[in-house]
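Below is one structure, written out as structure tokens; the observations come after it.
Residue numbers (full-length UniProt numbering): 1 to 122.
Below is the structure:
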């Protein structure tokens, strides 16, 4: 979007040909590309790849890879109704989280109870 002198905004639409032409003049730095790749590896749970990539490029993820693994493990536990395991992993990650956010503990326990009730009904 471009802003003119009156403060109004206008939208510019580029077709594919013009979009690619604009990229001819953009310099993409190797480190920026490496950071995008590292993010991709972490988001898509490619921890071993991310770890090796970190060794080769010295690009560090936004958070330690072990922490990313644990966060996804917590997510999987919650999605699979393994609430006690999720709580244990959250405490392993940072025991202050659940102490600070008591409503989160309540919500997790409530989810567990609801799942138990649904299992009894079905």
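By construction, the Cβ of each residue, glycine as well, lies at the ideal position given by its N, Cα and C atoms.
Selection from 116, 71, 18 and 97 that minimises the alpha carbon distance to residue 81: Ranking the options by Cα distance to residue 81, first place goes to 116.
The segment 83-95 contacting the segment 65-72, beta-carbon criterion three pairs below 8 Å: Verdict: yes, contact present.
Coarse secondary structure for residue 62, derived from DSSP in three states: It is coil, neither helix nor strand.
Local Cβ density within 10 Å of residue 15, reported as buried at 16 or more and exposed below that: Residue 15 comes out exposed.
Whole-angstrom distance between residue 38 and residue 100, CA atom to CA atom: Going by the C-alpha atoms only, they are around 31 Å apart.
Sequence-distant residues of the same chain with beta carbon closer than 8 Å to residue 108, five excluded per side: Excluding positions up to five away in sequence, the list reads 78, 83, 86 and 87.
Coarse secondary structure for residue 18, derived from DSSP in three states: Of the three classes helix, strand and coil, the one that applies to residue 18 here is helix, per DSSP.
Neighbourhood of residue 65 by C-beta distance below 8 Å, restricted to the same chain and skipping five residues each side: The residues are 42, 47, 50, 51 and 54.
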